[in-house]
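**Q** In my numbering, the protein residues as written are 500 to 996.
Please find one structure pasted underneath; my questions will follow.
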Ligand SMILES: Cc1cc2nc3c(=O)[nH]c(=O)nc-3n(C[C@H](O)[C@H](O)[C@H](O)COP(=O)(O)OP(=O)(O)OC[C@H]3O[C@@H](n4cnc5c(N)ncnc54)[C@H](O)[C@@H]3O)c2cc1C
């Protein structure tokens with residue numbers, strides 16, 4: 500009760516309008532580049548980070564732009580639990596929660612992107628410009644699981660399997676070995692495989708036996724920003740994005756899933772699923788890789804074979820985010836990540852240094868682990884995760900199967916505690932996302948990323964979105980933002996020559 504009151508007082512976790520948005524539009528029409536003279540209009544498909552930023556750049560250059568978004572909200576894979584979620588039972592196959600029991604964390608609950616990779620990365624710069632307080636996660640003590648024991652790095656420093664995993668990971672940007680999976684390239688013994696899978700598979704959107712060591716290493720090497728990992732102290736990420744791109748909000752048509760794009764004539768004809776037609780002179784497609792690969796949007800003529808072939812060089816695996824509130828932090832107040840789980844490879848103590856209670860875990864699961872959990876109903880999913888945590892944190896009283904079962908927040912019926920409360924977003928089952936993030940399969944090259952995002956000859960169809968980032972930030976918000984800069988530069992060049 501006390502926690503809920505604190506939450507209501509500061510308005511966090513609920514989508515509060517937090518900024519004076521007009522101050523933060525990217526560039527005013529009269530301050531930067533000269534306006535681009537173009538009589539036609541530009542349609543942007545998708546209102547995630549890439550789509551909103553692309554629209555903002557073009558709008559600021561004086562171009563007539565509109566955004567078509569399939570869902571009923573903006574932000575795409577940046578999605579924060581909000582007031583409206585807490586008030587209505589809009590649970591779906593992808594979004595599972597009981598609105599009578601919303602999360603009670605005293606900080607925003609993120610269902611998608613929650614961390615800033617690089618304080619000076621593109622997303623990091625947005626946060627800086629807005630002067631939003633952040634938490635530097637390097638101050639946290641991460642725990643690493645071997646032999647079912649979660650311990651800090653210092654406790655494993657003489658363990659050869661622990662050291663093999665960490666040295667493989669730190670050497671990834673310089674990796675120049677065979678083009679094989681992370682698992683095959685690492686040479687890590689089976690005892691360390693779950694740890695490897697957590698830190699170098701799940702963390703990058705897949706599993707260690709699927710993600711390419713060479714592809715991953717090439718991307719990491721290309722990154723130009725620092726390696727800091729931050730969380731935002733008290734602002735919901737979705738609010739930050741929308742505040743940053745506030746000028747674009749009125750240009751977005753929600754609930755408009757695009758079904759086809761015919762670019763065979765002078766004017767491009769875009770049909771949504773209800774059959775409504777939108778005309779544009781140029782289009783930037785920013786939909787997730789799996790939406791593109793599933794042919795949910797029919798292109799006439801077909802997209803060039805180079806783009807299509809490149810799309811199949813990358814994976815976008817299943818992905819689930821869970822947020823679980825506990826009555827007590829039993830894993831340690833200074834703990835950040837717990838790496839090495841098998842059911843859930845990434846446990847994150849989301850309240851670290853930003854919560855008075857610090858007893859909420861964000862659990863992010865990709866790849867094979869997410870596929871397995873996805874096939875279960877919500878209750879089985881949560882019970883499997885609690886069972887894994889119970890194994891890692893046993894209850895010495897012997898009364899409970901473990902500390903997770905003992906301390907998980909539960910529903911109350913007739914004064915008796917019943918089922919565990921959990922908020923689950925299954926991104927794989929979101930029809931307009933269909934998975935987590937893009938990652939390189941074995942065989943993918945840096946050229947494939949370039950090919951994936953290459954505009955269709957003729958200057959009408961352009962591509963942005965995290966999967967098309969070529970600067971090493973694919974799979975992140977920064978990658979999505981950078982891809983918007985690239986695609987809009989290409990589009991403007993197609994006008995100005
Ligand atoms: C659980 C999870 C955790 C993550 N954590 C982090 C993190 O901590 N830090 C980080 O930097 N990144 C993180 N990421 C990755 C990050 O969220 C994405 O890289 C980024 O948000 C992608 O932006 P985007 O614009 O490329 O795509 P999206 O945000 O997916 O936007 C694409 C938009 O296209 C729309 N769309 C799809 N089909 C159609 C259609 N037919 N017609 C019209 N619109 C359509 C979608 O609804 C969506 O809004 C995470 C991702 C997930 C899933």
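Cβ atoms here follow ideal geometry from the backbone N, Cα and C, with glycine treated the same way.
Roughly how many whole angstroms lie between the Cα atoms of residue 847 and residue 860?
**A** 5 Å
**Q** Within 7 Å: the Cβ of residue 820 and any heavy atom of ligand 1?
**A** yes
**Q** Is residue 649 helix, strand or coil when you go by DSSP?
**A** strand
**Q** Nearest to residue 626 by CA position, among 613, 770, 714, is which residue?
**A** 613
**Q** Quick check: does the Cβ of residue 769 come within less than 7 Å of any heavy atom belonging to ligand 1?
**A** Look at residue 769: its beta carbon is at least 7 Å from all of the heavy atoms in ligand 1.
**Q** Could you check which residue in 922, 969, 911, 921 has the C-alpha nearest to that of residue 938?
**A** 969
**Q** Measure the C-alpha to C-alpha separation of residue 820 and residue 924 and round it to an integer number of angstroms.
**A** 5 Å
**Q** Is it the case that the CB of residue 622 approaches a heavy atom of ligand 1 more closely than 7 Å?
**A** True, at least one ligand heavy atom lies under 7 Å from that Cβ.
**Q** For a quick check, are the C-beta atoms of residue 889 and residue 902 less than 8 Å apart?
**A** yes
**Q** Please report the straight-line C-alpha distance between residue 756 and residue 768, rounded to a whole angstrom.
**A** 14 Å
**Q** Could you tell me which of 606, 737, 572, 671 sits nearest to residue 929, measuring between CA atoms?
**A** For the options 606, 737, 572, 671, the alpha carbon positioned closest to that of residue 929 is the one of 572.
**Q** Is residue 926 near ligand 1, going by C-beta to nearest heavy atom under 7 Å?
**A** Yes; taking the cut-off as 7 Å, the Cβ of residue 926 has a heavy atom of ligand 1 nearer than that.
**Q** Identify which residue in 550, 569, 540, 580 has its Cα closest to the Cα of residue 561.
**A** 540
**Q** So for residue 898, helix, strand or coil by DSSP?
**A** coil
**Q** Grouping DSSP H, G and I as helix and E and B as strand, with all else coil, what is residue 682?
**A** helix
**Q** Taking the alpha-carbon of residue 543 as reference, which of 979, 610, 566, 974 has the nearest alpha-carbon?
**A** 566
**Q** Look up residue 815 in the DSSP assignment and give the residues it is bridged to.
**A** Bridge partners of residue 815: 937.
**Q** Applying the 10 Å Cβ sphere with the 16-neighbour rule, what's the burial state of residue 724?
**A** buried
**Q** Would you check if the distance between the CB atom of residue 978 and the CB atom of residue 678 is smaller than 8 Å?
**A** no
**Q** Leaving out five residues before and five after residue 688 in sequence, what residues of the same chain have Cβ atoms less than 6 Å from its Cβ?
**A** 660
**Q** Alpha carbon to alpha carbon, how far is residue 989 from residue 954?
**A** Our two residues, residue 989 and residue 954, have alpha carbons roughly 8 Å apart in a direct line.
**Q** Sort 583, 963, 785 by Cα distance to residue 568 and report the nearest one.
**A** 785
**Q** Starting from residue 948 and walking both ways along the alpha helix (DSSP H), at which residues does that stretch end?
**A** 945 to 952
**Q** Looking at residue 705 and ligand 1, is the gap between the Cβ and the nearest heavy atom below 7 Å?
**A** no
**Q** Would you report the Cα separation of residue 856 and residue 635, rounded to the nearest angstrom?
**A** Taking the Cα positions, residue 856 is about 18 Å away from residue 635.
**Q** Measure the Cβ-Cβ separation of residue 814 and residue 951 and say whether it is below 8 Å.
**A** no
**Q** I want to check one thing, is the minimum distance from the CB of residue 979 to the heavy atoms of ligand 3 below 7 Å?
**A** In the structure shown, ligand 3 is absent; the only ligands present are ligand 1.
**Q** Could you round the C-beta distance between residue 737 and residue 579 to whole angstroms and report it? I think they count as a contact, below 8 Å.
**A** Indeed they touch by this definition, with Cβ atoms about 4 Å apart.
**Q** Please report the residue range of the beta strand (DSSP E) in which residue 982 lies.
**A** Taken as a continuous stretch (DSSP letters only), residue 982 belongs to no beta strand (DSSP E), being part of the alpha helix (DSSP H) at 976 to 995.
**Q** Cβ of residue 570 within 7 Å of any heavy atom in ligand 1?
**A** yes
**Q** Under 8 Å, do residue 652 and residue 641 count as touching if we go by C-beta distance?
**A** yes
**Q** Within 10 Å of its beta-carbon, does residue 987 have 16 or more other beta-carbons around it, so buried, or fewer, so exposed?
**A** buried
**Q** Would you tell me roughly how many angstroms separate the C-alpha atoms of residue 992 and residue 702, rounded to the nearest one?
**A** The straight-line gap from Cα to Cα measures roughly 36 Å.
**Q** Hey, how far is the Cα of residue 984 from the Cα of residue 915?
**A** 55 Å
**Q** Taking three-plus beta-carbon pairs below 8 Å as touching, is the stretch 781 to 798 in contact with the stretch 745 to 765?
**A** yes
**Q** Would you say residue 711 and residue 696 are within 8 Å of each other, going by their C-beta atoms?
**A** no
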